[in-house]
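One structure is given below, encoded as structure tokens.
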Amino acid sequence: MSSLTARLKEFTLPPKLAVFLTPSTSAVQFAVKAVVAMALALYIAIYLDFDRPYWTLISAVFLQIRPQGGQVIEKGMFQIVGTVLGGVLGLIMLGLYIQTPPLALATMAMVVFVFSTLSSMTHNFNVTYFCAMSAVTMNLIVVISLSGDVTSNHIFEIAVQRVSEICIGALCATVSSMLLWPQHVEREITTHARGVIAKALDSMVLHLIVEDKRRERHGSLLAAIGAVELLEADANPVVYEGPTGLGRARAAHMLAQKTLSLIAEMQVIGHLVREHPDWINPSLQHVFDRLRETVKQASEEKDLAASRKLFSDLRKEVGNIADSEMKTPLQHRALQGVKEVLQHLVVMHDACRGVANHRSVNLRARPISRTYDVLSSITIGLRSSLMFACGATLWIATGWDVAFLTMVLPIVFSIMFAQSPIKAVLRAVTVGNLVAIPVSLIVNGLILPVAPGFYELLVLCFILPMGLAVLGFSSRPTIGYALGFCLTYIIMTLPGNYMAFDLVGSLERGLSIFIGVLTLYTLFRLVPAPGPLIMRKRLISATAADLASLGLRSEDDSESWLNGRLIVRIQRLASIENTESQHSLIEQGLLGLNLGHAIIKQAHRFTLDGDDPRLRAAMRQWQEALSEAYLASAWGDNNDQRFVAVSREMFDMMEHSRHFDETKLKRFQGLCYRIMLTLRRNAGVSEDQLGQLPATLFPGLAKRAAAEEDEASSQQDVNDPPIAADDDQTGQPTDNQASSDEGDGGATGQDDAEDGSSDGTDGDDDDSEDPPPNNDR
């Protein structure tokens, strides 16, 4: 008995089943709101004597996906606008093709293709929902009108009723969500903001350690990027939550931008710590140690203000370090990189505070830009239009009245979940559909016929099964189960004023939905997304094209545009290949991000230093040459001759300009050297060839530096006093020798040049980059 009791105590339900059987308080509150919204929508539709009031329930069900206040308002608004647009398109379609149904269906398939393609070009789920509602409303109006002998007045009445039913469901769901236990997006966006900082700090810890934990490091980067995307997804609907929403949205955009800039900068510092510790002098090593300690301490700190103070104090401490303590341009750049990282962290904490309390700070930032792949979007549109064509063929060929459902609900799924793990979603929808079929038959065949027209009993029959099913909307992994059950249950029972209680018809409707979902699943197998090789080529080519066009925008616009497009590509590159190849693909995306930041900073620097039209034109050519070299190196081709030639021409122009002093010239040398080293190592160039890079990039400077070195050596021989025998025997260098060795970097300077950038992610090391070793003297 005791062993049985112990086993019962240790027994836990599977996570998905626990959502329905042991729900949380918030989930129960959400279920109550959903049931109230559906009951109210059904009552209004029955009171107005609509012929198909169950569409109000379907409309209310779709609004239960992410039911927070701002989300419901934005989604309801898009649903109403999309429904009206679909109704107008349906009337136009009937006016043109009412006498030729096949031509009407063919035109509808093309319209479905357009809506589905456009829906995949946005990252706002509510805009995707707008496209789905437009297509489905058009389908409903046209198909219902074509299925019977109707007049023009009846057609208009059908359109008005369909639009009214869907709008009533949206309004009831919005009112219920706002009045009963309102859940605001501001709470969720505050949680996401803290999550962004936490994941960014975790990624920094992995970048600052000497061990090369590449898999863990890339995993932490993807987690941080995913947290940024969740934050951006909530930034739009929070605007609808009162006058404070706009300030919170701006703070969220600022946090997203600074986090992505932090990720780009940490690639350079992390690469230096892991790959080239011999390039780090004691002063810089102390800075890295302090940064590592502070990041670990901040990651364990629960108080946001205390965490910000840690980085603010360290920023002041690092700011007091004299530049003279850094002996090489690379060390100067690394110190500057640490200062930029600390600045990003301080602003990130301020932005997080602004998300939680918009009055605490006044931040303005642009939302991150988004990108899409045209080929992937066309594939999604083709899949949806094929699904409609299959449903239309089944409807016409068999004469099956309920076959039109295969042209409605599966189209919604194909549009709304095309960018999700659709196969898992469809499997969950199928399970919900199969569970709903017997439940609907029992309710429709045994309970409802007892009291036809009895509204209270009708609502009661919906409270128990639907109230249990909508609990699944409170958890992302169970949304598919809840959606499949609710939609099948509503379509099979068809609640309204004139219910037929036809078990055969009810079963046919359930099977029609099952066939539609099964057909859609088959189409996803037959028409898959573009393969890994195709997507790799397209994503890397698109990144190279973005690098070539960065100079056409201002610095702020370029940063927002670049960050948004590159994080999407990094995520796609990480998902299209297996684990071993995935890391190299992530590195290609990170390299593009770093090179993009290098271009932005160099273009901004030219703007500040005179804004010479000739330099702007040269910068344009340099940028295009860099884009070509990146594209070639990504495929293992060392084709950077044009970049070398343009860099030399650009340096000659800078050298003859009065706006650039010696420091700025060395910075540009270091930038070009660093980029060349990174690109050639990315292309797989051998270490021996990398060692010849200083002489091939700026040969005149190498000769000049060698001559200056010989002259300095001769002058030192003349000025040095005789060395005592004791000193010579001890083998210890004199002060002058030690100073000379320290300035030269000794024999390690050439080794450093040969080591280069094995990680391929430090292309944005654009300030005081590591120049040829002979130029450091």
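Start counting the sequence shown at 0; every next residue gets the next number (numbering that gives the first Met the number 0).
The beta-carbon is built from N, C-alpha and C at its ideal position, and this holds for glycine as well.
6 Å CB neighbourhood of residue i in its chain, flanking five on each side removed
i	result
P720	Reliability fails at P720, whose pLDDT of 49 lies under 50, so the model's placement of it is uncertain and no value is given.
I462	V34
G444	L502
A250	A350, G353, V354 and L362
V567	T370
T477	K15, V18 and G471
N125	E73, K74 and F77
G390	T405 and M406
Residue interval of the alpha helix (DSSP H) (run including residue i)
i	result
S375	V373 to T397
T190	V184 to H206
I490	I478 to T492
E292	P281 to S298
V438	I421 to I441
D651	Q640 to E654
F523	L502 to L525
K257	G244 to E274
Y42	T24 to Y46
W54	Y53 to F61
I367	Looking at the DSSP string, I367 is not in any alpha helix (DSSP H), and its letter there is neither H nor E.
V18	P14 to L20
F412	L408 to M415
Residues near residue i by beta carbon distance below 7 Å, same chain, minus five either side
i	result
P345	One point to set straight first is that residue 345 is Val, not Pro, in the sequence displayed. R307, F310, S311 and R314.
L272	Strictly speaking, residue 272 in this sequence is Val, with Leu absent from that position. Around V272: L207, V209 and F287.
V80	F129
C460	V442, I446 and L447
D201	S219 and S298
Where residue i sits in the DSSP three-state scheme
i	result
W634	coil
V209	coil
N777	Outside the shown range of the chain (0 to 776) lies residue 777, about which nothing can therefore be said.
P181	coil
L470	helix
Y497	coil
A169	helix
A723	Per-residue confidence for A723 stands at a pLDDT of 41, beneath the threshold of 50, marking its modelled position as unreliable; the derived number appears in the next sentence. Residue state, collapsed to three classes: coil.
Q98	coil
D545	helix
K326	coil
M109	helix
D743	Residue placement at D743 cannot be trusted, given a pLDDT of 39 that sits under 50; what the coordinates show is reported in the next sentence. Three-state DSSP puts D743 in a helix.
H122	coil
D312	helix
A103	helix
R657	coil
I154	helix
K536	helix
V174	helix
D611	coil
E215	helix
D241	One detail in the question is off: residue 241 reads as Gly in this sequence, not Asp. Reduced to three states, the DSSP call for G241 is coil.
S146	coil
Whether residue i touches residue j by CB criterion (7 Å)
i	j	result
T136	G75	no
A528	S375	yes
A427	G509	no
M92	V60	no
Y488	A435	yes
V411	E507	no
H217	I585	yes
K338	S176	no
T116	G380	yes
S781	S413	Nothing in the structure corresponds to residue 781, since the chain is present only between 0 and 776.
Cβ distance (whole Å) where residue i is taken to contact residue j below 8 Å
i	j	result
L408	W399	Not a contact, Cβ separation roughly 15 Å.
F642	A624	4 Å
I196	H348	7 Å
N638	A631	4 Å
A172	V71	6 Å
Q601	L670	7 Å
L590	T677	7 Å
G89	A158	6 Å
A617	N681	Rounded, the Cβ-Cβ distance is 24 Å, inconsistent with contact.
V162	A134	Going by Cβ atoms, the distance from V162 to A134 rounds to 14 Å, so no, they are not a contact pair.
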